[in-house]
Amino acid sequence: MHHFRYIGQNLNCESVDLAEVARLYGTPTYVYSAATMADNYNRLASSLKGLDFQICFANKANANLAVLRHFSNMGCAFEFASAGELQRVIAAGSDVKQSVFAGVGKTEAEIKVALENQIYSFHVESEPELARINHVAGKMGVKAPIAIRVNPDVDAHTHAKISTGKSEHKFGIPLKFAAAAYEAASKYPHLTLKGVQMHIGSQMTELGPIVEAVKKVAPFAAELKTKYGISHFSIGGGIGIVYKDALASGQASWWDSLPESQRPLTPETYGAAVVPLLQPLGLKIVLEPGRFLVGNAGVLLTRVEYLKHGNGKNFLIVDAGMNDLVRPAMYDAYHEVVALHKDTTRPSLVADIVGPVCESSDCFAKERSIQEVGEGEYLAIMSAGAYGKTMACRYNARPLAAEVLVKGSSFELVCVRETFEQMTSLERIPAFLK
Ligand code: LLP
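In the working numbering, the protein residues as written are 244 to 677.
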């Protein structure tokens, strides 16, 4: 469920007319709904009733400081995959004492920053990383809290590029070697064995792989509790969202109209499946959702520049590009695209919706049927709240997009559009070229 819907003919985010935002701040602009994020967070939290749990928002999905503050205000902690992501959490005004640090390549400097800020746990992905964390903690005269990420060898049934839980992936330590890794870890003087972690993939829309992975790792977590007194089990993130019928899925009626067998994964079904498996462990359960909390809470507003009629094909050329939202180019991801001004009297058009970047992969939608729109009209690319702005780049010297946060009828710029001066401000022409 989310808070994007037409009021009359105009697409609104909560009580804000999105065309007004586009006119005021220009495009491309990301717009996020605070109420949608809060609903997502509260729904997930309610579905975990009966567990001692901590939700750690994976801020790689959306790291805008205002978004992080919003989650922090709700009692959410964070998962970060770099010192930069950790520093974003702190810059947003939150501490990181309940937050966790993932990633296969933590540098010494990153480990030091995390220890200085007393994070909840490092999620360790290899034996050499154990040695490195022990070394850095020793130099600082502290003990580092660690959990080992185990790789349960479970197929997440998602896109290959966002699957992480099979043994061919670089992530974690294979479950069959994990006992030996804990044994080794227990001998390091500057490590405290605090927990165990897993994360098998992202945009998972089926319960099967999630349940299979929990069932595989839970007995091991119980063993670790007995042997080393660990206190938490992080089951990672990965809950998928609806991309295909994104707009309709904002309404309860859409969910009700689907037979249960065809309903996408919900936090309620997720909770109902995992809580009974986890409760007997008596461990604190950490969840690291990214996409589920923010994906359907954001749209990317873009302006139509041209309607071009090619050879048997139409191209709707918009001012957002793959540099702003790379998911379609990178993962062939589907994002629904809708007109901000709905006019049912107009015919529909079948077109490729493309950006201005000089690559054929700069395409948001292929052969998509959409209401006829012309130059200067606005579109919303739906479900762009996760892995949108955080994955943006400046290819073709395109400035990073603006971001706006909506709450009720209020809205504010939470990231200003980059200027050309800012884009080039770190570059220098060396003296030998002058
Ligand atoms: N925990 C760990 C250790 C992770 O690596 C990730 C995501 C998460 C949690 C959060 O997963 P989520 O709940 O968002 O599925 N850029 C891709 C997704 C990459 C996910 C990377 N890791 C996309 O746009 O689909």
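C-beta atoms are modelled at their ideal positions from N, C-alpha and C, and glycine is treated no differently.
Since we're looking at a predicted model, the values are computed, not measured.
When the beta-carbon positions are compared, Leu267 and Leu261 stay at least 8 Å from each other. The Cβ atoms of Gln446 and His402 lie closer than 8 Å to each other. For Ala423, the uninterrupted alpha helix (DSSP H) run begins and ends at Leu418 to Lys430, by DSSP.
With a cutoff of 7 Å, Tyr275 does not count as near the ligand LLP, since its C-beta is closer than that to no heavy atom of the ligand.
Around the CB of Cys256, 16 or more other CB atoms lie within 10 Å, so the residue is classed as buried. For Glu620, the three-state secondary structure derived from DSSP is coil. An exposed status is given to Asp586, since fewer than 16 other beta-carbon atoms sit within 10 Å of its beta-carbon.
Taking the Cα of Glu618 as reference, the smallest distance to any Cα among His400, Ser653 and Tyr549 is reached at Tyr549.
Counting along the chain, the unbroken alpha helix (DSSP H) around Ile453 starts and ends at Leu450 to Tyr471. For Ile405, the distance from the CB to the nearest heavy atom of the ligand LLP is below 7 Å. Straight through space, the alpha carbons of Leu530 and Ala563 are spaced by roughly 33 Å. In the pairwise beta carbon analysis, the stretch 263-278 is classified as not touching the stretch 472-492: fewer than three pairs are separated by under 8 Å.
Relative to the non-hydrogen atoms of the ligand LLP, the Cβ of Gln665 never comes closer than 7 Å to any of them. Counting along the chain, Phe314 sits inside the alpha helix (DSSP H) bounded by residues Leu308 to Asn316.
Each residue's CA atom was taken as its position, placing Lys468 and Ile391 some 13 Å apart. Excluding five sequence positions before and after His313, the CB atoms of its chain that fall closer than 8 Å to its own CB belong to Ala277, Met280, Ala281 and Leu648, given in chain order.
Here DSSP, grouped into helix, strand and coil, assigns Phe414 to coil.
Collapsing the DSSP output to three states places Thr633 in a helix.
Within the model, the alpha-carbon separation for Phe365 versus Val343 is close to 6 Å. Going by C-alpha positions, Gly293 is about 36 Å away from Tyr273. Between Lys459 and the set Leu490, Tyr471 and Lys409, the nearest pair of CA atoms involves Lys409. Minimum Cα-Cα distance from Phe476 among the listed residues Pro510, Val397 and Leu521 corresponds to Leu521.
Exclusion of Ala326 from the 7 Å shell around the ligand LLP follows from its C-beta lying no nearer than that to any non-hydrogen atom of the ligand. Here DSSP, grouped into helix, strand and coil, assigns Tyr486 to coil. Annotation for Lys386: no beta strand (DSSP E) segment contains it, and DSSP assigns it neither H nor E. 8 Å or more divides the Cβ of Gly346 from the Cβ of Ser315. By the Cβ test, the stretch 322-336 is not in contact with the stretch 653-673, since fewer than three Cβ pairs between them sit closer than 8 Å.
Taking a C-beta distance under 8 Å as the contact criterion, Asp396 and Pro371 do not qualify as a contact pair. Counting along the chain, Phe535 sits inside the alpha helix (DSSP H) bounded by residues Arg534 to Val537. Within the same chain, and ignoring the five residues on either side of Ala306 in sequence, the residues whose Cβ sits closer than 7 Å to its Cβ are Glu328, Arg331 and Thr633. Counting other Cβ atoms within 10 Å of its Cβ, His246 reaches 16 or more and is therefore classed as buried. A straight line joining the alpha-carbon of Tyr425 with that of Val367 spans about 11 Å. Counting only the Cα atoms, Phe296 lies some 30 Å from Gly381. By the criterion of at least three beta-carbon pairs nearer than 8 Å, the stretch 624-633 is in contact with the stretch 533-553. Straight-line spacing of the CA atoms in Lys303 and Thr435 works out to 26 Å.
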